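Taking this note's numbering, the leading residue of the sequence shown gets 48, the next gets one more, and so forth.
Using N, Cα and C, we set each Cβ at its ideal position, and we do this for glycine too.
All values reported here derive from a predicted model rather than from experimental measurement.
Written below as structure tokens is the structure these notes are about.
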Amino acid sequence: MRNPKKISLFLLVFIGIIFFITETTEIKRCVFYNKQVQSFTKISSLNEINSLNNKESIVYIGRFTCPVCREFVPKLKEVSDENPSKKVYYLDTDRLGNEGIDLVTLKELGVSSVPTVIVLQNDELKFILNGSSISVKQLKKLFY
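Next comes the structure, spelled out in structure tokens:
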């Protein structure tokens with residue numbers, strides 16, 4: 048009778064440890080993501096960019112709750128750091144609706160998933176990169 052109790056207790060402790068390790072790793076990834084995007088200029092609307100300037104603007108659209116975004120953002124940060132004269136704007140889709148981010152506008156621009164990088168100039172979309180397969184090489188083309 049004691050063996051089933053010991054086995055059950057062992058399994059419960061083991062599952063708890065696995066859960067704790069997984070959650071800790073996930074938290075570290077989210078913290079790392081937030082540190083990476085700190086160098087980007089946070090915006091809550093694409094209209095903010097148009098009111099700031101009429102130059103070409105690079106906008107990263109993503110969120111920290113997206114595992115693919117967390118893998119992607121170090122690539123964007125690397126290219127951005129190599130080209131400090133080009134500002135990157137960050138639109139956090141976790142704030143959709145909460146801070147006036149217009150989902151309809153994003154869909155009209157062709158933003159169907161995150162991560163997405165778009166280039167805007169004078170209210171017009173010049174270029175868009177969608178999805179997890181965005182490479183450093185593709186990003187460098189946007190910055191040069």
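Item, Value
"What span of residues does the alpha helix (DSSP H) with Val120 cover, start to end?", "Pro114 to Glu129"
"Thinking C-alpha only, which one of Val78, Phe57, Phe111 and Lys134 is nearest Arg142?", "Phe111"
"Between Phe119 and Phe190, what straight-line distance do the alpha-carbon atoms span, to the nearest angstrom?", "16 Å"
"Quickly, what does DSSP pair Thr163 with across the bridge? List them, please.", "Ile108 and Asn177"
"How is the alpha helix (DSSP H) around Val183 delimited, first residue to last?", "Val183 to Phe190"
"Determine whether the beta carbon atoms of Leu156 and Leu138 lie at a separation below 8 Å.", "no"
"Bridge partners for Val135 per DSSP, in chain order?", "Ile105"
"Can you tell me whether Thr72 is buried or exposed? The criterion is at least 16 other CB atoms within 10 Å of its CB, across all chains shown.", "exposed"
"Buried or exposed: where does Cys77 fall if 16 or more other Cβ atoms within 10 Å of its Cβ makes it buried?", "exposed"
"Looking at Ile108: is its Cβ nearer than 8 Å to the Cβ of Thr163?", "yes"
"When burial is assigned at 16 or more other CB atoms within 10 Å of the CB, is Lys124 buried or exposed?", "buried"
"By DSSP, does Ser83 sit in helix, in strand, or in coil?", "A small fix is needed here, since residue 83 is Gln in this sequence, not Ser. DSSP places Gln83 in helix when its eight states are reduced to three."
"Just curious, the beta strand (DSSP E) that Glu88 is in, first and last residue?", "For the record, residue 88 in the displayed sequence is Thr; it is not Glu. Where Thr88 is concerned, the enclosing beta strand (DSSP E) stretches over Thr88 to Ile90."
"Tell me whether Phe79 is buried or exposed, calling it buried when 16 or more other Cβ atoms sit within 10 Å of its Cβ.", "exposed"
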